[in-house]
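Quick notes on the structure that follows.
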Amino acid sequence: MTQIWKRAALGTRITDETIETLRNVADIAQVVSDRVTLKRSGRRLAGLCPFHVEKTPSFSVDTERQMYHCFGCGAGGDVFSFVMQSEGLSFPDAVRSLADRFGVPLAENNDENDPASSERQALLDINRMASGVFRYGLLKSSQGSIAREYLKKRRISEEFSEVFSLGFIPDGWSYLLDYMVKKGLNTALLEKAGLVVCGRQGRFYDRFRNRIMFPIQDIQGRVIGFGGRVLGDENPKYLNSPETSLYHKARSLYGLYQARHEIRKKRVVYVVEGYFDVISLHQNGIPETVAGLGTALTREQVQLLRGYTERVVLVFDGDAAGLRAAERAAPILLSLAMDARVLLLPSGEDPDSFVRSYGKEVFLEKGAEAEPLFSFLIQSSLQRWGRNPAGRMRSLESLLPVIENITDSVVRDIYLRELADGLDIEERAVRDRLGKQVQPRHGQKQSREAMPVFSENLRMEEALISLLLSVPQSRERVSAMNAQDFFSDPVLKRIAVCLLKKDGAGTALNSSEILQDEEVQKRLARIGFQESVWNMENADTLISQFQRLQQQTQRGSGLMDRIKAAEAGRDQARLMALLEQKQQQAREAAKIGLSRVVTPRRHIQ
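485 is the number that numbering that gives the first Met the number 0 gives to position 486 of the sequence shown; each next residue is one higher, with no gaps.
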């Protein structure tokens, strides 16, 4: 068995000890400072939120609790959450990234009880090996001369060919397959990596043949897939790896690994459409450039970019396809409050040809003058449909769906006014039409858990969670009352269930399932930033208040059952008596004082 298989068989796993070590070692202020300029504000650090556009800092880091929270957009969590959200990583990859940065070793999985991790590592090793084979094919093989000439014709320098690890696979059915099999790798894993295909006769052959090869890397520089540009007349001209456990085109961006530092430094990213466009712009002094991977810009890709910059300039060829691409990207970019702009190149030009013909400075000048995306869509729509009443109505109907995807009411209001002004339609009429557009379509249901819970008990529930986090000694008493059954908010209930487990003191909050639950992390951060100071004395007050409310709720539930029975039996006299009891219970509930839930506050200097 080869060395690659030895490493794959062992793999690495994330233990509770690793997570706890990273919690103690990975300082959140140090990690956040890579992306946010933080300044001291009282006992905390403050800065501009990296997850939404703002001018006044609402993003806060609590170094004592090792958590962050944005009072503007609600983002929040711990150091793992921040790395996941800002870099678009999964929880395991965020842990590995932090472990590598802070020198924390990951445990060896000698008992082979983590096959998913082992297979993932095996696929990463296979892709790395394949990239080396393709690189050799370009630089050393006799068949690679045609590929080298092609790159020379495209004016790709040897330096940037190396920066992007360009390669070549000759024509034939088993160039890569034969090499990998000789190295002891089986075809099943090669197929899972997307490098070989099983034909109808059950025989395997190379997926890529006679192509310039472009390794696709994740944010950590690991090869997760490939793109290939054919050198002959075969179709398709460009071919990407299929979806695998490593490669998801909707979550990946070509060139982001090479561009990430420049994007963060310059606070802008140019999004182009092709591999050669990215390489050409990097080579010509515009390294803050990435490309999608054959699909319209996705929400995951935009969220990935939002961790580095708020300004996105979409660079499109000056044709109808470029306009359609801008229209597809608009709902996502605007709904995430990005400063999105459009740079439409002259007809017949693409980014590669434009920058080679006119140079870096002209490109950057045009980039600085790029038109705001929504303004571009309004003007493009009017050019298409005309400025007469019928044309403006068609433009209105085509652009309202873009606005209805915007959840932030302030951002939505800004674009709504711009739409009304741009189409010269009364703002009130546009608002009225939007109100009709955003009604739920027939047959659609909103996820119950996604809906905010507006419960009269919400403040009590949050106070209980705050208490359980601050005073672990209170958990046994609260657990004995089956408190988790009281929670109406599903996110808070998940937290309560973890905290009230019989077999520990809240360690379940360190489980990977909870650590990668974005809503749980947001709520924990929000509660942690409420400045509540608990001790056993005020804990008794809150628990007693909860007990009385719980009893009241149980009596109310039984009363509602009797009211429904009286209604079904049409017993008017009994119904009136029961309704009077319900009113009396409501008055008693008011006396309990939900509005006066005990929330002792820290005195802030």
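Ideal Cβ placement from N, Cα and C applies to all residues, glycine included.
These figures come from a predicted structure and were not determined experimentally.
Item	Value
Contacts around tyrosine 253, its chain only, beta-carbon distance under 8 Å, and the 5 residues preceding and following it disregarded	Phe213, Ile215, Gly226, Tyr274, Val277, Val289, Ala290, Gly291 and Leu292
Beta-carbon contacts of alanine 324 that lie in its chain and below 6 Å, excluding the five residues immediately before and after	Phe315
Close Cβ partners of phenylalanine 528 (< 7 Å) along its chain, the five nearest in sequence each way excluded	Ser59, Asp61 and His68
Residue range of the unbroken alpha helix (DSSP H) whose run includes glycine 390	388-403
The stretch 536-550 contacting the stretch 457-466, beta-carbon criterion three pairs below 8 Å	yes
Three-state class that DSSP yields for asparagine 534 in the structure shown	coil
Beta strand (DSSP E) segments (min. 3 residues) lying fully within the stretch 236-303	237-239, 268-271 and 288-290
Sequence-distant residues of its chain with Cβ nearer than 7 Å to glutamine 472 (five each side left out)	Met535
Pair within 9 Å by beta-carbon distance, leucine 194 and leucine 175	yes
Whole-angstrom C-beta distance between arginine 340 and leucine 372, which should lie under 8 Å	6 Å
Cβ separation of glutamate 86 and glycine 306, assumed to be a contact under 8 Å, to the nearest whole Å	6 Å
DSSP-derived helix/strand/coil call for lysine 152	helix
Check whether glycine 609 and asparagine 209 have beta carbons under 9 Å apart	No statement about residue 609 is possible, as the shown extent of the chain runs from 0 to 604 and does not include it.
N- and C-terminal bounds of the alpha helix (DSSP H) containing tyrosine 357	350-357
Residue environment, lysine 248, which counts as buried when at least 16 other CB atoms sit within 10 Å	buried
Minimum C-alpha distance to arginine 22 - residue among Leu44, Gly71, Asp33 and Asp77	Asp77
For cysteine 69: DSSP bridge partner residues	Phe58
Contacts around arginine 34, its chain only, beta-carbon distance under 7 Å, and the 5 residues preceding and following it disregarded	Pro49, Ser85, Arg263 and Gly306
Pick from Val222, Cys197 and Leu37 that is closest to serine 164, judged by C-alpha positions	Val222
DSSP three-state assignment for leucine 343, whether helix, strand or coil	strand
Test item: CB-CB of glycine 347 and asparagine 283 under 9 Å	no
Span separating the alpha-carbon of isoleucine 603 from that of tryptophan 533	Caution is warranted here: a pLDDT of 40 is assigned to isoleucine 603, below 50, making its placement in the model unreliable, and the coordinate value is therefore given only provisionally. Straight-line Cα distance between these residues: approximately 15 Å.
Buried or exposed (CB count within 10 angstroms, at least 16 for buried), proline 350	buried
Beta-carbon gap between leucine 415 and arginine 391 smaller than 9 Å	no
CA-to-CA distance, asparagine 537 to arginine 250, given in whole angstroms	47 Å
C-alpha distance - alanine 98 paired with leucine 150, whole-angstrom precision	39 Å
Beta-carbon proximity list for serine 397, same chain, < 7 Å, skipping 5 on both sides	Ser380
Helix, strand or coil at serine 96 [DSSP, three-state]	helix
Beta-carbon spacing of leucine 37, alanine 25 below 9 Å	no
Sub-9 Å separation of glutamine 606 and leucine 335 beta-carbons	Past the edges of the chain, shown from 0 to 604, lies residue 606, and the structure says nothing about it.
Best match in Asp217, Val82 and Gly71 for proximity to serine 32 [C-alpha to C-alpha]	Val82
Nearest to arginine 355 (by Cα), restricted to the options Glu326, Leu332 and Ile285	Ile285
6 Å CB neighbourhood of alanine 74 in its chain, flanking five on each side removed	Phe50
Distance, methionine 66 Cα to serine 160 Cα	42 Å
Proline 214 - containing beta strand (DSSP E), residue span	210-216
Neighbour-count burial assignment, lysine 54, 16 or more Cβ in a 10 Å radius	exposed
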